[in-house]
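Student: For reference, the structure I am asking about is given below.
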Amino acid sequence: MTTPVLDVRSLNTAIHAPDGRRLHILHDVDLHIDAGECLGVVGESGSGKSVLARTVLGVHARTVRAESTGQVLLNGEDLLTAAPARRAELLGTGIAMVHQDPMTSLNPVVRIADQVTESLTNRRRMPRRERLRTAAALLAAVDVPDPARRARGYPHELSGGLRQRVGIAAALAGDPVLLLADEPTTALDVTVQRTVLDLLDRHRATRGLATLLITHDIGLLYGRARRIAVMYGGRVVETGPTEEVTERPAHPYTAALLRSVPRVTGPLRRELPAIPGSPPDLSRPVEGCPFAPRCDRAGSVCATVAPPVRAAGPAHTASCHFPLTAEAAPASPTSLERTP
Amino acid sequence: MTSPFLGFAARAGRAAAVLLLVAVTALALPHLMPGSPAVAALGVTATPEQITAFEAGLGLDRNVLAATFDWIGAALHGDLGHSLANGAAVTTELANRIPVTLELFVAAQLVALAVAVPVALVSAWRPGGVVDRIATAGAFLWLAVPGFVLGLLLIWLTAVQLRLLPATGWVPFTEDPVENLRHLLLPALTLGLPEAAVFTRTLRGQLLDTLDQTHVAAARSRGMGAARLLLRRALRPSSLPLVTLIGIGIGTSLGGSVLVESLFAVPGVGTLASGAINGRDFPVIQAVMVVSAVGVVLATLAVDLLYRTLDPRIAHGHR
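So the protein lines, in turn, are chains W and G. Taking my numbering, the leading residue of the first sequence gets 137, the next gets one more, and so forth. Taking my numbering, the leading residue of the second sequence gets -18, the next gets one more, and so forth.
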């Protein structure tokens, strides 16, 4: 078996917020992505998916200090123990990030060419003509029309969809092996979303890019992500091939998430099932399963004992005491007391 | 959206209105002030005929608006009248004084920026850090101390105690550049350091806002280091309020530099104005008023143009 491009092993991350609180965000996160593979990470706000991306990248918000244990292996090299200089070297050239909102993630007063080529110009001087030429080529690769003219322009001259293409071009400039896309289409029109995702797909396939696609919209991952990791309360609660997880969800949270996706077929007027309650407060430690307070299958054991990772199918695992699929059912379900 | 030409025409119209208003006020001054300028100039022994003739010479016997337009007409031909104190042409006086005040202003701004920009950059990068805390305390101390106290302290320290620099006086740059700079340093520091405090606070706040934006996080994710990030990405979008402050400073520097110019005996517009006010030298007062108004208008225009180069969105009407 080949080494995965990204291999995250029992990653725990705590954030020291500016107000002095210490928040334990990520709990024993395990995931891996092979070259040319897209892993979809899905979860609602506060599930820890953005902190996961920032921890892998190694760049957190300026005002917070993060502390991680475990391993983040990039082609076998542990980034958590790597020297700061080595981490800095990998930014943009080893790992690149596509940001959520293209309206705010581009500097309004810096020419597009200068922003798109940043991953290169941070390492070596590049004459203006070369910057323009390189930027034009990168913009052409992400289907920006009239790339030579756009390279000389500023972000406000572009639409949201084009700006996100510029963001993708900037991420691809350093020829990374791993692309972290943090809700890359959330801020875009639905019609533009598809073309941007198609673009990411194309570059993933042609460059063999390992892609971590973060989203709160599980429906967006059909046919795009080969595998899905469902996050809840800073933990990966279920992971497996996309068809497996979406057709035979083992974790009640995944099932609830799937039920809340609007469907095109079926009756027109119907209430979309929402998950009652809200995600756990990260400043308090959770005993047992973080989803237990909102779960309709929870028993008394769920509040006290952390659920183990169980096999739920081929390459499919879930962390739940009372999983939904037959294969993942505990050996003797009656042995665990279960409240109605 | 208005066309750039219409925008420019409107601005020019507003500027002309401001200048006209200042000119009318300046020309109305002799009427508004108690006592007669003629008596002040000619002395109490002057005959009524002498006074009438003198007032006619100043245009005081006529309607203020008519006098203003005559004055503007003459001014456009390069004639601002003659000083009552020494009979010299006001234009010659101004031509001697304006370069001195301008040099002092530019030097003070350079002092302020040289202190404020590095301090603000380091403070904003590590808010609450050692540099930030020292700079914050220092800035508030500077702001609390009146400028002339600082000037006196500087004179005492560098001129009296250390005998490094001349305490007062002026040597034109064309005469002796080195001596010119030696005479320039103390007044420039006295004017510039309190401004540095204001600049630092303003720029620091603006930088903190900019550094919190997603595009800064994006640049960091592409491996941009702190120095490059601050100088090449954060400083420019944060500098707009600073440009405004400097622009306003051109106008107020005249007022501020009256004090500093007097303290250091610098022969600039400030000392000219204070001398003219004391001697009721109306032609000089009027000229100084209008000329400084022209300065403010030009500075505002320059700030506008600079805004457009600093932030391309403004030029496109996006903000």
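Just so you know, even glycine gets a beta-carbon here, dropped at the ideal spot from N, CA and C. Remember, predicted model here, so these are calculated numbers, not experimental data.
1) For the alpha helix (DSSP H) that contains W/Asp143, what are its first and last residues?
2) Taking 8 Å as the CB-CB limit, is W/Thr240 close to chain G?
3) Any Cβ of chain W within less than 8 Å of the Cβ of G/Leu192?
4) Indicate the three-state DSSP secondary structure (helix, strand or coil) for G/Thr28 in the structure shown.
5) Just to make sure I have the definition right: I need the residues of chain G whose C-beta is within less than 7 Å of the C-beta of W/Ser116. Which are they?
6) Could you tell me the alpha carbon to alpha carbon distance between G/Gly206 and W/Asn258, rounded to whole angstroms?
7) Please name the residue in G/His196, G/Asn259, G/Ala283 whose C-alpha comes closest to that of W/Val252.
8) Quick one: is W/Asn243 buried, meaning 16 or more other Cβ sit within 10 Å of its Cβ, or exposed?
9) Rounded to whole angstroms, what's the CA-CA distance from G/Pro29 to G/Thr49? Just pull it up for me.
10) To the nearest angstrom, how far is it from the Cα of G/Gly276 to the Cα of G/Leu83?
11) From W/Ile364 to G/Val224, what distance separates their C-alpha atoms?
12) Skipping 5 residues on each side, what residues in its chain have a beta carbon closer than 7 Å to that of W/Val278?
13) Considering just the uninterrupted stretch of the alpha helix (DSSP H) at G/Pro158, what are its terminal residues?
14) What are the partner residues of W/Gly176, as DSSP defines its beta bridges?
15) Judging by CA-CA distance, which residue of G/Gly260, G/Thr281, G/Thr252, G/Ile295 is the nearest neighbour of G/Val81?
16) What are the start and end residues of each continuous beta strand (DSSP E) run of 3 or more residues lying completely inside the stretch 156 to 237 of chain W, in chain order?
17) Quick one: what does DSSP say W/Ala323 is sitting in, helix, strand or coil?
18) Does DSSP put W/Glu254 in a helix, in a strand, or in coil?
19) Check whether the Cβ of G/Ala199 lies closer than 8 Å to any Cβ atom in chain W.
20) Quick check on the DSSP output: the alpha helix (DSSP H) that includes G/Val275 runs from which residue to which?
21) Given that a residue counts as buried once 16 or more other Cβ atoms are within 10 Å of its Cβ, and exposed if not, what is G/His58?
22) Using CA atoms only, rank isn't needed, just tell me which of G/Leu65, G/Ala27, G/Arg(-5), G/Ala47 is closest to G/Asn259.
23) Using CA atoms only, rank isn't needed, just tell me which of W/His235, W/Thr240, W/Met239, W/Arg267 is closest to W/Asp250.
24) At which residue ranges does the stretch 259 to 342 of chain W contain complete beta strand (DSSP E) runs of 3 or more residues, listed in the order of the chain?
25) How close, in whole Å, do the beta carbons of W/Thr347 and W/Arg338 come, if the pair is a contact with beta carbons under 8 Å?
26) Give the residues of chain G in contact with W/Gly228, contact being defined as C-beta atoms less than 9 Å apart.
27) Let me know if W/Ile354 comes out buried or exposed under the rule of 16 or more other beta-carbons within 10 Å of its beta-carbon.
28) Can you tell me the Cα-Cα spacing of W/Ser471 and W/Pro443, whole angstroms?
29) Return the bridge partner residues of W/Thr375 from the DSSP annotation.
30) Look at the alpha carbon of G/Thr155 and the alpha carbon of G/Thr139, and state the distance between them as a whole number of angstroms.
31) Which residue spans inside the stretch 14 to 100 of chain G form an unbroken alpha helix (DSSP H) run of at least 4?
32) Under three-state DSSP, which class holds W/Arg420?
33) Would you mind sorting W/Pro421 into buried or exposed? The rule is 16 or more other CB atoms within 10 Å of its CB.
34) In this structure, what does DSSP give as the bridge partners for W/Arg446?
35) In whole angstroms, what separates the C-alpha of G/Gly150 from that of G/Leu162?
36) Quick one: what's got a C-beta closer than 6 Å to G/Val103's C-beta in the same chain, skipping five residues either side?
Tutor: Judging by the given coordinates:
1) Here W/Asp143 belongs to no alpha helix (DSSP H); instead the beta strand (DSSP E) covers 142 to 152.
2) yes
3) yes
4) coil
5) Outside the modelled stretch of chain W, which goes from 137 to 476, sits residue 116 of chain W, for which no answer is possible.
6) 8 Å
7) G/His196
8) buried
9) 25 Å
10) 10 Å
11) 51 Å
12) Arg301, Ile304, Ala305, Leu335
13) 158 to 192
14) W/Leu349, W/Ile364
15) G/Thr252
16) 158 to 169, 174 to 178, 201 to 210, 231 to 234
17) coil
18) helix
19) yes
20) 263 to 291
21) exposed
22) G/Leu65
23) W/Arg267
24) 314 to 318
25) Contact flag wrong, Cβ pair sits at about 11 Å.
26) Ser202, Arg203, Gly204, Met205
27) buried
28) Confidence is the limiting factor: at W/Ser471 the pLDDT is only 35, short of 50, which leaves the residue's position unreliable, though a coordinate-based value still follows. Spanning the two alpha carbons is a distance of roughly 15 Å.
29) W/Ala365, W/Thr453
30) 25 Å
31) 18 to 23, 29 to 39, 45 to 57
32) coil
33) exposed
34) W/Ala454
35) 12 Å
36) Val112
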